[in-house]
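Residue numbers (the numbering used here), protein chains in the order written: chain A, 7 to 395; chain B, 7 to 395; chain C, 7 to 395. Okay, so here's the structure we're looking at.
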Amino acid sequence: MTTLKKFPLIDADRNLCLDAVEIAASRGLCLAGSDKWSIRCQKLSAGPTAGLHDIVLDSGAMAISLLPERGMGLWKGVCGHLPLGWDSPVSLPRHPAFVDQGDRGNLGWLHGFNELLCRCGLSSNGPPGSDQGDQLTLHGRVANLPAHHVEVQIDPAGPGRLAIVGQIEEASMFGSHWLLKSTLATTAGSKTFDVIDEVTNLADTPQHLSLLYHINIGRPFLEAGATFAMPHQEVAPRDSRAAEGIDEWQTYLGPRASYAEQAYFISPLANSNGEALAGLINSNRSAALVVRFPVKQLPCFTLWKNTQADGNGYVTGLEPGLNYPNFRAFEREQGRLPLVQPGETRRLKVSLEVLDDAAQVAAFTTEVTASQKGKPLVFRQPAGGYSPV
Amino acid sequence: MTTLKKFPLIDADRNLCLDAVEIAASRGLCLAGSDKWSIRCQKLSAGPTAGLHDIVLDSGAMAISLLPERGMGLWKGVCGHLPLGWDSPVSLPRHPAFVDQGDRGNLGWLHGFNELLCRCGLSSNGPPGSDQGDQLTLHGRVANLPAHHVEVQIDPAGPGRLAIVGQIEEASMFGSHWLLKSTLATTAGSKTFDVIDEVTNLADTPQHLSLLYHINIGRPFLEAGATFAMPHQEVAPRDSRAAEGIDEWQTYLGPRASYAEQAYFISPLANSNGEALAGLINSNRSAALVVRFPVKQLPCFTLWKNTQADGNGYVTGLEPGLNYPNFRAFEREQGRLPLVQPGETRRLKVSLEVLDDAAQVAAFTTEVTASQKGKPLVFRQPAGGYSPV
Amino acid sequence: MTTLKKFPLIDADRNLCLDAVEIAASRGLCLAGSDKWSIRCQKLSAGPTAGLHDIVLDSGAMAISLLPERGMGLWKGVCGHLPLGWDSPVSLPRHPAFVDQGDRGNLGWLHGFNELLCRCGLSSNGPPGSDQGDQLTLHGRVANLPAHHVEVQIDPAGPGRLAIVGQIEEASMFGSHWLLKSTLATTAGSKTFDVIDEVTNLADTPQHLSLLYHINIGRPFLEAGATFAMPHQEVAPRDSRAAEGIDEWQTYLGPRASYAEQAYFISPLANSNGEALAGLINSNRSAALVVRFPVKQLPCFTLWKNTQADGNGYVTGLEPGLNYPNFRAFEREQGRLPLVQPGETRRLKVSLEVLDDAAQVAAFTTEVTASQKGKPLVFRQPAGGYSPV
Numbered sequence: 007m008t009t010l011k012k013f014p015l016i017d018a019d020r021n022l023c024l025d026a027v028e029i030a031a032s033r034g035l036c037l038a039g040s041d042k043w044s045i046r047c048q049k050l051s052a053g054p055t056a057g058l059h060d061i062v063l064d065s066g067a068m069a070i071s072l073l074p075e076r077g078m079g080l081w082k083g084v085c086g087h088l089p090l091g092w093d094s095p096v097s098l099p100r101h102p103a104f105v106d107q108g109d110r111g112n113l114g115w116l117h118g119f120n121e122l123l124c125r126c127g128l129s130s131n132g133p134p135g136s137d138q139g140d141q142l143t144l145h146g147r148v149a150n151l152p153a154h155h156v157e158v159q160i161d162p163a164g165p166g167r168l169a170i171v172g173q174i175e176e177a178s179m180f181g182s183h184w185l186l187k188s189t190l191a192t193t194a195g196s197k198t199f200d201v202i203d204e205v206t207n208l209a210d211t212p213q214h215l216s217l218l219y220h221i222n223i224g225r226p227f228l229e230a231g232a233t234f235a236m237p238h239q240e241v242a243p244r245d246s247r248a249a250e251g252i253d254e255w256q257t258y259l260g261p262r263a264s265y266a267e268q269a270y271f272i273s274p275l276a277n278s279n280g281e282a283l284a285g286l287i288n289s290n291r292s293a294a295l296v297v298r299f300p301v302k303q304l305p306c307f308t309l310w311k312n313t314q315a316d317g318n319g320y321v322t323g324l325e326p327g328l329n330y331p332n333f334r335a336f337e338r339e340q341g342r343l344p345l346v347q348p349g350e351t352r353r354l355k356v357s358l359e360v361l362d363d364a365a366q367v368a369a370f371t372t373e374v375t376a377s378q379k380g381k382p383l384v385f386r387q388p389a390g391g392y393s394p395v
Numbered sequence: 007m008t009t010l011k012k013f014p015l016i017d018a019d020r021n022l023c024l025d026a027v028e029i030a031a032s033r034g035l036c037l038a039g040s041d042k043w044s045i046r047c048q049k050l051s052a053g054p055t056a057g058l059h060d061i062v063l064d065s066g067a068m069a070i071s072l073l074p075e076r077g078m079g080l081w082k083g084v085c086g087h088l089p090l091g092w093d094s095p096v097s098l099p100r101h102p103a104f105v106d107q108g109d110r111g112n113l114g115w116l117h118g119f120n121e122l123l124c125r126c127g128l129s130s131n132g133p134p135g136s137d138q139g140d141q142l143t144l145h146g147r148v149a150n151l152p153a154h155h156v157e158v159q160i161d162p163a164g165p166g167r168l169a170i171v172g173q174i175e176e177a178s179m180f181g182s183h184w185l186l187k188s189t190l191a192t193t194a195g196s197k198t199f200d201v202i203d204e205v206t207n208l209a210d211t212p213q214h215l216s217l218l219y220h221i222n223i224g225r226p227f228l229e230a231g232a233t234f235a236m237p238h239q240e241v242a243p244r245d246s247r248a249a250e251g252i253d254e255w256q257t258y259l260g261p262r263a264s265y266a267e268q269a270y271f272i273s274p275l276a277n278s279n280g281e282a283l284a285g286l287i288n289s290n291r292s293a294a295l296v297v298r299f300p301v302k303q304l305p306c307f308t309l310w311k312n313t314q315a316d317g318n319g320y321v322t323g324l325e326p327g328l329n330y331p332n333f334r335a336f337e338r339e340q341g342r343l344p345l346v347q348p349g350e351t352r353r354l355k356v357s358l359e360v361l362d363d364a365a366q367v368a369a370f371t372t373e374v375t376a377s378q379k380g381k382p383l384v385f386r387q388p389a390g391g392y393s394p395v
Numbered sequence: 007m008t009t010l011k012k013f014p015l016i017d018a019d020r021n022l023c024l025d026a027v028e029i030a031a032s033r034g035l036c037l038a039g040s041d042k043w044s045i046r047c048q049k050l051s052a053g054p055t056a057g058l059h060d061i062v063l064d065s066g067a068m069a070i071s072l073l074p075e076r077g078m079g080l081w082k083g084v085c086g087h088l089p090l091g092w093d094s095p096v097s098l099p100r101h102p103a104f105v106d107q108g109d110r111g112n113l114g115w116l117h118g119f120n121e122l123l124c125r126c127g128l129s130s131n132g133p134p135g136s137d138q139g140d141q142l143t144l145h146g147r148v149a150n151l152p153a154h155h156v157e158v159q160i161d162p163a164g165p166g167r168l169a170i171v172g173q174i175e176e177a178s179m180f181g182s183h184w185l186l187k188s189t190l191a192t193t194a195g196s197k198t199f200d201v202i203d204e205v206t207n208l209a210d211t212p213q214h215l216s217l218l219y220h221i222n223i224g225r226p227f228l229e230a231g232a233t234f235a236m237p238h239q240e241v242a243p244r245d246s247r248a249a250e251g252i253d254e255w256q257t258y259l260g261p262r263a264s265y266a267e268q269a270y271f272i273s274p275l276a277n278s279n280g281e282a283l284a285g286l287i288n289s290n291r292s293a294a295l296v297v298r299f300p301v302k303q304l305p306c307f308t309l310w311k312n313t314q315a316d317g318n319g320y321v322t323g324l325e326p327g328l329n330y331p332n333f334r335a336f337e338r339e340q341g342r343l344p345l346v347q348p349g350e351t352r353r354l355k356v357s358l359e360v361l362d363d364a365a366q367v368a369a370f371t372t373e374v375t376a377s378q379k380g381k382p383l384v385f386r387q388p389a390g391g392y393s394p395v
């Protein structure tokens, strides 16, 4: 095997949909980086999961489960003894047929919210409301849209690259017409996974793009005394509730039943490669979940602190985005929703990396410190431009 | 076979979902009560039923069909020559994917309403509206939620007990988090089936529970001259329309196209076992459908009379509940929605019993008369506490 | 084979649902009209199509694909080198589970709109709104309801008649109760396909019926210079936007990104057989798509011009109907929604015919001219009776 190999899993044009597939080194596909990698796809059949596919991309060192029918979202992962994800009250992945986004006064998206990574977009994200004649539901449609085409790509060059590539159409007559081509990729033996999205405007009229990566992490990374580290220019509390916690915005409490969520809007500071880095570090600094992304592609970052009791969802969100998750009209007015021309493609990349020993965590915090050029501006109250004030 | 045997049918954690199962005495599972019992499960595939499972629990004397994907509701039954259920305009069981509860101005629940027994709850029941920031849809979510775990349990002790045990999660981020463990059980050879529900609050905050069992019966039990019998303390018409019929609230008309539904709110009177009993008796008193339940568990009972024309749904509802099906805010203000603490489980039991000869019916009416201690209070107009007046 | 043969494909009462069927002349079913006819049914499994069946009825000269789970709609067709249908931004047929009609402020129907022919009805069509206590969604429910019974019928008499017959129930408790029996039929070797609908009111109360056939055509019939021909008594622009184009209402532009849709309400003129005829003719008059229907059955016709850019959906609609697609209350006030009595059946027929050479097109235009008795009345502004003015 010397060239890129492709294995189709789902292809609506050919009415192809494989219900059980395993691709692994043991099948003669040797990669230099690891001999323990595998890609498994199974169709789920029970209760709220019925009709979903679960595709597990395992580098040999870390595995992530991807749900093509849930907007190519990442359901959960595992890296050695470290689970990646969180325990939502919604405990199983839900087929979109069981998610009525109009429920709860257009908050029904929350009936299906439990992933490690889900997208908010593509024509809108943020809270529901009426904007330019559209009735927006929370966080838009993309997280509940099914991929019509999914394939595995294996490139044996170097250590070996493993990828799942899916395509989703977000379209409606007299509405938007987006094609999302989403790749989840890693190298054999790696603890870093890349999410690479290409979003194309297939309409013949320009469209504003909204996109935010809702990356959600619970235990064991999140715990009392966990910290958040990120080079940044500015940080502003979303609202008065977040302002209450501005002095402790980079540290976490243990679970509390009475906790009300707090969100902080951040202007990331890029390192010399133009990359933003953000990490959630556990209490004894022996493990961290790190997110990296090009600041030019994703200039906004939202930190969502939701250290509610475990039964209600103990979680924090590290959320790179084109925009902050405010109401669409506000974000458009701030100029944060790029106007994508007909046929134009926007490329966006976010990397997820697990650090699983103290030395790696120390190296990461050193990197954060080194990249933190200058003293950040901390707004103690919601700030114009970030929030509607 | 001397101990409890369990046969899994659906288990989302293991991605197990059996499409065709039959368990019967002929397979070496002998029970003293009957050798004609069976439990059959089949996956439905056609039209609006596609994706449902139909599990028929047959005691040998009476059979009830259960739909795990429709909230563990009871679709219909049969006892000898007597069909149990009714003919709704919605003639086939509908997969929740075909029930948009937001349709018809949040009355879309009615697109799927045709069962012998369905639950209204768990976070709300009653009419749609806005309460405490929630937009409620008619009768809540539970009847359109799929079980993620279902198993058959067979206990050979005594006559032999047969049970279907299913688990449903009603959850949403920043919303409720209920686990319903529901058992449909009978003994081999029996004409009595028990519905035993255990509802646990898995959230870490207290939640108000709403739950009503909508037990719906049509022909042949319901007909012109059929009667309703139940020991009761008080009865009150729900509204002015029900007040019109207060003198005949315990008798039924034949089908009438112009009939508008009438509902009566009842305070049941327990017998010496603490049990309420309610029965729908056919015209010549040769058959009855009897419902029994512990009054302490289910202190409210609603009688729904809907003797519309057959094509529109000729039916009556015998509805034990934690509450009456008023708007949630009113029921909460009356103190009828128990505040369930984190981790607390509420147990609720309702029995359905078929009487199929005149002697049994006579014994039942004697029992009702004996339990009717004192003269009930009949409100001729909607009464405070029962209805918002 | 001398008598009508029936092959069931879907039957919910028997839990029958065939996933892959092919019936063809090669199986010993010889028809005089063609030996190339076939009927193929396959279950779709990928992405937004999962759970649909695609039934292709091929006369040997022309084929149309029918989707029983999408209201027996016609997905697309092909006649020789001529594709029938259009390119909607929604590129694949969508299972109703992926169409939330409440989305976009009750315009969610547009998430699934891409067929050659779909029905708008049965209890309402036209725009969303509140009417007589009902919250109406765009174009009603029927296009997103699944057939519970579908069978193939083959009649060897004469050239041989091929038909797909499906049944759909549009019902809701305290709502409507319609049975639609829909037949797609052709003769072996033919380029004409008939849609024959029988709609029965199964409720015991009279119901107003709304029904419009949204027949949608794009390239190659639609192009710059394409024309529309139809004998008519009157034509009125729907609104001021349509009035702008009243001088060119029978000709088409090429795709334009800035084009806003225009609709014209037409009173058809019947030929000597009582039939209306309407055709979309391509620019060089070598091909046409012709629609015929009895004016007594379908007295209204709407021409929908939507020559937007290709990426937004370049399409025109030829739409015979009981009514015009105005808001239901207005149509009812105009007396255009027949009040169907309990048990009454309305029969409606629409024929689709492809003309694929200049001689046929010329004959058709001659027929139109001959049938155009008298000069039609052209309203230059929206007219009372047609539009709410």
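Beta carbons are placed, not taken as given, at the ideal position from N, Cα and C, and that holds for glycine.
Excluding five sequence neighbours on each side, which residues of the same chain lie with their C-beta closer than 8 Å to the C-beta of residue i?
i	result
A/GLN173	ALA153, HIS154, HIS155, VAL156, LEU185, LEU186, LYS187 and SER188
B/VAL374	ALA235, MET236, PRO237, LEU283 and GLY285
B/ARG342	PRO305, CYS306, LEU328, ASN329 and TYR330
C/GLY349	THR206, ASN207 and LEU208
From residue i to residue j, what distance separates their C-alpha atoms?
i	j	result
A/LEU361	A/ILE287	9 Å
C/ARG33	A/ASP210	47 Å
A/VAL396	A/GLY86	The requested residue 396 of chain A is not part of the displayed model; chain A covers only 7 to 395.
B/ARG324	A/ASN318	The question names Arg, but residue 324 of chain B is Leu in the sequence shown. Rounded to the nearest angstrom, the two C-alpha atoms are 35 Å apart.
A/ALA230	A/THR257	8 Å
Would residue i pass as a contact of residue j if the rule is Cβ separation under 8 Å?
i	j	result
B/PRO133	B/PHE333	yes
A/ALA191	A/ASP200	yes
C/GLY57	C/ALA18	no
B/PRO261	B/THR313	yes
C/ASP166	C/THR193	According to the sequence displayed, residue 166 of chain C carries Gly and not Asp. For C/GLY166 and C/THR193, yes; Cβs fall inside 8 Å.
Can you list, in chain order, the residues of its chain with a C-beta nearer than 7 Å to that of residue i? Leave out the 5 residues immediately preceding and following it.
i	result
A/GLN340	GLY391
Kindly say whether residue i, judged by its beta-carbon, lies nearer than 8 Å to any beta-carbon of chain C.
i	result
B/SER136	no
A/THR189	no
B/GLY77	no
B/GLY341	no
B/ALA263	yes
At a Cβ threshold of 8 Å, is residue i touching chain B?
i	result
A/GLY317	yes
In chain order, what residues of the same chain have a beta carbon less than 6 Å from the beta carbon of residue i, not counting five sequence neighbours either side?
i	result
A/LEU113	LEU144
What are the residues in the stretch 94 to 125 of chain B lying within 7 Å of chain C by C-beta distance? Within the stretch 94 to 125 of chain B, those residues whose Cβ lies closer than 7 Å to any Cβ of chain C are, in chain order, SER94, PRO95, VAL96, SER97, LEU98, ALA103, PHE104, ASP106, GLY108, ASP109, ARG110, GLY111, LEU116, HIS117 and PHE119.
Closer than 7 Å, Cβ to Cβ, to anything on chain C: give me those residues from the stretch 39 to 70 of chain B, in chain order. Here the close residues are GLN48, LEU50, SER51, ALA52, GLY53, PRO54, THR55 and ALA56.
Chain A contacts from the stretch 21 to 32 of chain B (Cβ-Cβ distance under 9 Å): Listed by position along the chain: ASN21, LEU22, CYS23 and ASP25.
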